[in-house]
Amino acid sequence: GAGVSQSPSNKVTEKGKDVELRCDPISGHTALYWYRQSLGQGLEFLIYFQGNSAPDKSGLPSDRFSAERTGGSVSTLTIQRTQQEDSAVYLCASRGDLYNEQFFGPGTRLTVL
Amino acid sequence: KNEVEQSPQNLTAQEGEFITINCSYSVGISALHWLQQHPGGGIVSLFMLSSGKKKHGRLIATINIQEKHSSLHITASHPRDSAVYICAVKYGGSQGNLIFGKGTKLSVKP
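From first to last, the protein sequence lines are chains A and B.
Using this note's numbering, read the first sequence as starting at -18 and increasing by one per residue.
Using this note's numbering, read the second sequence as starting at 6 and increasing by one per residue.
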């Protein structure tokens, strides 16, 4: 596609359930980032994938959060045993090799009841 | 403590006014981004700069490396400019992730 896509656009889940959020980056982009934006807060870095290198997981808030990127393209962010404080908009961005500019997806709004 | 500070936090302007949003950061960076987030949540990258000045339409972004400061200017503001404007920096030693300011919420009244 022409841009970064994310699915679902909205997800409502019950506390304790696991959720998976998907990101389809721009074709050919080797770098992929996950961020989240909690209500009233700024954007927060979660995890970064660059090609075949080990991901930078330094932003993941707890071991309930994990992400993978299969085949260097699609990425899935998994949150296990969701808590109410996990409610946020989860944004994905991708970046090509030539420029430093990141292109953002529309985000997934996660609500944990 | 947020390493990227934006001001003002909120800004209300009348249509046609010249608008300035400021961003300051604490250590050397390799790039600074200005992003626009619309009420629906979508984020658009406006500028990426590491020195000097860039212009796109009514938007101008400047950066002063020595003062660790950047400004985003909007000339002849319009209600459709209403959005949250976010400054984000990439520090030289980082692998690429951005550090974000908390954003400036701009509302332009007709």
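Idealized CB from N, CA, C, for every residue including glycine.
**Asked** Which residues in chain A sit within 8 Å of LEU107 (chain B), going by Cβ to Cβ distance?
**Response** The sequence as given places Lys at residue 107 (chain B); Leu does not occur at that position. Result: GLN22, GLY23.
**Request:** Count the other CB atoms, across all protein chains shown, that sit within 10 Å of the CB of ASP(-1) (chain A); report buried if there are 16 or more and exposed otherwise.
**Result:** exposed
**Item:** Contacting positions in the segment 0 to 13 of chain A - beta carbon closer than 8 Å to chain B
**Value:** ALA12
**Request:** Rank A:LEU24, A:LEU58, A:SER43 by C-alpha distance to the C-alpha of GLU49 (chain A) and give the top, closest one.
**Result:** A:LEU58
**Asked** Under 9 Å between the Cβ atoms of GLY53 (chain A) and THR11 (chain A)?
**Response** yes
**Prompt:** At least one CB of chain A closer than 9 Å to the CB of ILE26 (chain B): is that the case?
**Reply:** Contacts with chain A at 9 Å (Cβ-Cβ) do not include ILE26 (chain B).
**Asked** Taking the Cβ atom as the reference point for each residue, do ILE65 (chain B) and HIS74 (chain B) lie within a distance shorter than 9 Å?
**Response** no
**Prompt:** In chain C, what lies closer than 8 Å to TYR71 (chain A) by C-beta?
**Reply:** In the structure shown, chain C does not exist; the protein chains are A and B.
**Asked** Given a threshold of 16 other Cβ atoms within 10 Å of its Cβ, counted over all protein chains shown, does THR92 (chain A) qualify as buried or as exposed?
**Response** The C-beta of THR92 (chain A) has fewer than 16 other C-beta atoms within 10 Å across all chains shown, which makes the residue exposed.
**Prompt:** Cβ of LYS6 (chain B) less than 9 Å from any chain A Cβ?
**Reply:** Residue placement at LYS6 (chain B) cannot be trusted, given a pLDDT of 49 that sits under 50; what the coordinates show is reported in the next sentence. With 9 Å as the cut-off, LYS6 (chain B) does not count as an interface residue toward chain A.
**Residues bridged to HIS74 (chain B) [DSSP beta-bridge criterion]** = B:SER29, B:ASN69
**Buried/exposed call for SER112 (chain B), threshold 16 Cβ in 10 Å** = Label assigned to SER112 (chain B): exposed.
**Request:** Could you tell me the boundaries of the beta strand (DSSP E) in which ALA(-17) (chain A) lies?
**Result:** Membership of ALA(-17) (chain A) in any beta strand (DSSP E) is not indicated, and neither H nor E is assigned to it by DSSP.
**Message:** If contact is defined by three or more beta carbon pairs under 8 Å, each pair taking one atom from either stretch, is the segment -16 to -4 of chain A in contact with the segment 35 to 50 of chain A?
**Reply:** no
**Item:** Test: GLU(-5) (chain A) CB closer than 9 Å to a CB of chain B
**Value:** no
**Request:** Report yes if the CB atom of SER93 (chain B) is closer than 9 Å to the CB atom of LEU37 (chain B), and no otherwise.
**Result:** First, the amino acid is wrong: residue 93 (chain B) is Ala here, not Ser. Yes, Cβ-Cβ distance for ALA93 (chain B) and LEU37 (chain B) is below 9 Å.
**Request:** Closer than 7 Å by C-beta to LEU41 (chain A): which residues in its own chain qualify, once you throw out the five before and the five after it? Chain order, please.
**Result:** LEU27, ILE28
**Message:** According to DSSP, is THR17 (chain B) part of a helix, a strand, or is it coil?
**Reply:** strand
**Item:** chain B residues whose Cβ lies nearer than 8 Å to that of PHE84 (chain A)
**Value:** SER50
**Message:** Under 8 Å, CB to CB, which of the residues in the segment 41 to 65 of chain A have a partner in chain B?
**Reply:** none
**Message:** Run through the DSSP bridge pairs and tell me what ASN(-9) (chain A) is partnered with.
**Reply:** Bridge partners of ASN(-9) (chain A): A:ARG90.
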